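Yeah, the sequence shown ends on 782 if you go by the numbering used here, and it's all consecutive.
Following: one structure in structure tokens, then a few remarks.
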Amino acid sequence: AVSDLVASNITNIDSLATPQTIADFYFKADSAAYDPSYSTKDLSLREAVNLYKSNSTKAFTFSLRGSVNEASPSAVGTQLAIDRSNAVKADLVAQGVPADRITVDAPESGTTADSATAFRTVALRVVVPTDCSASGANR
């Protein structure tokens, strides 16, 4: 989470050498609706928006990767994962993050006996190019 970055004394994204997952958003089974039993959605969105605002001049993007709970990818599952990612993207855009700073990556699928929710998520990552200059002109 963003708070973990701050706790690690990473106060801005310049010091991130690899993409970092900063939030996971949980969804209802077979749905692109957030699962209300996980109360971190609003906090995670706020933290991501604040991270963007405090680093908006830096060259970085948010990457969203949805997932579905199925043993092998299907067209329906893939679309559901994309719909979940697009739901998070729409919420970030609604709170001021430019759409061109958010990518939706190819989804993943899988199953786990440990948790039915493990593959009903969207992971939000910060992706920083190797040169994260203030203007982005040196990319």
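Even for Gly, the Cβ is constructed at its ideal location relative to N, Cα and C.
Please read all numbers here as calculations on a predicted model, not as lab measurements.
Would you list the one or two residues that DSSP bridges to residue i?
i: A766; result: D667 and R708
i: E751; result: S710
i: Y677; result: F670
Is residue i buried or exposed, if buried means 16 or more other CB atoms sit within 10 Å of its CB?
i: R689; result: exposed
i: K696; result: exposed
i: S687; result: buried
i: A666; result: buried
i: V719; result: exposed
i: P750; result: buried
Measure the beta-carbon distance from residue i to residue j and round it to whole angstroms, keeping in mind my assumption that it falls under 8 Å.
i: R763; j: Y669; result: 6 Å
i: L767; j: T664; result: 7 Å
Quick one, are the C-beta atoms of residue i and residue j less than 9 Å apart?
i: S728; j: L694; result: no
i: V765; j: A730; result: yes
i: V747; j: F703; result: no
i: A675; j: L723; result: yes
i: G709; j: D685; result: no
i: N712; j: G753; result: yes
i: V771; j: P662; result: yes
So, helix, strand or coil for residue i, using DSSP?
i: T746; result: strand
i: Y695; result: helix
i: T683; result: coil
i: T700; result: coil
i: G720; result: helix
i: A761; result: coil
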